[in-house]
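Only one structure is covered here, and it is reproduced in the block below.
Numbering (our numbering), first residue to last: 5 to 170.
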């Protein structure tokens, strides 16, 4: 089952990334290449996905990810871009690595939150420590040495990671 899920996700991603080339949706060569690459990725990642593969087939999850990417993630990235531009122009930076406490339950939630933070300009997730319920993040402007929550760094990302990673 995990091979099928990885294959489907890989093939759909391939189709999204190659749409519209050569004046049509996809050429036969693109579809064949997509099937081959999706099979390779599906085979090589079948053991990584694990036993909860069915959650990746849930269309409600797909819709949730789309809403998250278009809404909160895009808005957070836009605000962070403006903040980083301001800091570059004015030179007001105070970089550092901070420990961010989080309340997450599984690796999928840690992955979603870590990647969301890393995608946001001015922050980079250095380490995820589920044992400590924390992330270590390099932040371009450290306002608090030890924040009490992930809100100052990640905004609403933690809430979305909890919801999407179930």
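C-beta atoms are modelled at their ideal positions from N, C-alpha and C, and glycine is treated no differently.
As the structure is a prediction and not an experimental result, all values here were calculated from the model.
Going by the DSSP bridge assignment, what does residue 138 pair with across the sheet? Counting from 1 along the chain shown, the entry for residue 138 is found at position 134. 105, 133, per the DSSP bridge assignment.
Assumed close pair residue 106, residue 149 - CB separation to whole angstroms, cut-off 8 angstroms: The residue you call residue 106 lines up with position 102 of the chain shown. The residue you call residue 149 lines up with position 145 of the chain shown. Not really, about 17 angstroms apart at Cβ, beyond 8 angstroms.
Any contact of the stretch 124-139 with the stretch 100-115, i.e. 3+ C-beta pairs under 8 angstroms? With the cut-off at 8 angstroms, the stretch 124-139 and the stretch 100-115 touch.
Please state whether DSSP places residue 83 in a helix, a strand or coil. For this step, residue 83 is matched to residue 79 along the chain shown. If DSSP states are grouped into helix, strand and coil, residue 83 belongs with the helices.
Could you check what DSSP says for residue 124 in three-state terms: helix, strand or coil? In the chain shown, the residue the question calls residue 124 occupies position 120. Looking at residue 124 - three-state DSSP - the assignment turns out to be coil, as it is neither helix nor strand.
Nearest by alpha-carbon distance to residue 9: which of 112, 128, 47 is it? The sequence position of residue 9 within the chain shown is 5, counting from 1. Of the candidates 112, 128, 47, the one whose C-alpha sits nearest the C-alpha of residue 9 is 47.
Going by other Cβ atoms of all chains shown within 10 Å of its Cβ, with 16 needed for buried, is residue 120 buried or exposed? In the chain shown, residue 120 corresponds to position 116, counting from 1. With 16 or more neighbouring CB atoms inside 10 Å of its own CB, residue 120 falls in the buried class.
Taking 8 angstroms as the cut-off, does the stretch 60-72 touch the stretch 35-49 (at least 3 CB pairs, one atom from each stretch)? Verdict: no, contact absent.
Rounded to the nearest angstrom, what separates residue 169 and residue 95 at their Cα positions? To locate residue 169, count along the chain shown from 1; it is residue 165. To locate residue 95, count along the chain shown from 1; it is residue 91. Distance between the alpha carbons of residue 169 and residue 95 is about 37 angstroms.
My output table needs one value for residue 98: the three-state DSSP class, helix, strand or coil. Sequence index remark: in the chain shown, residue 98 carries index 94 (1-based). If DSSP states are grouped into helix, strand and coil, residue 98 belongs with the strands.
Cut-off 7 angstroms between Cβ atoms - residues of its own chain near residue 122, not counting five sequence neighbours on either side: As a position in the chain shown, residue 122 is number 118, starting the count at 1. Once the five neighbours on either side are set aside, the close Cβ partners of residue 122 are 128, 129.
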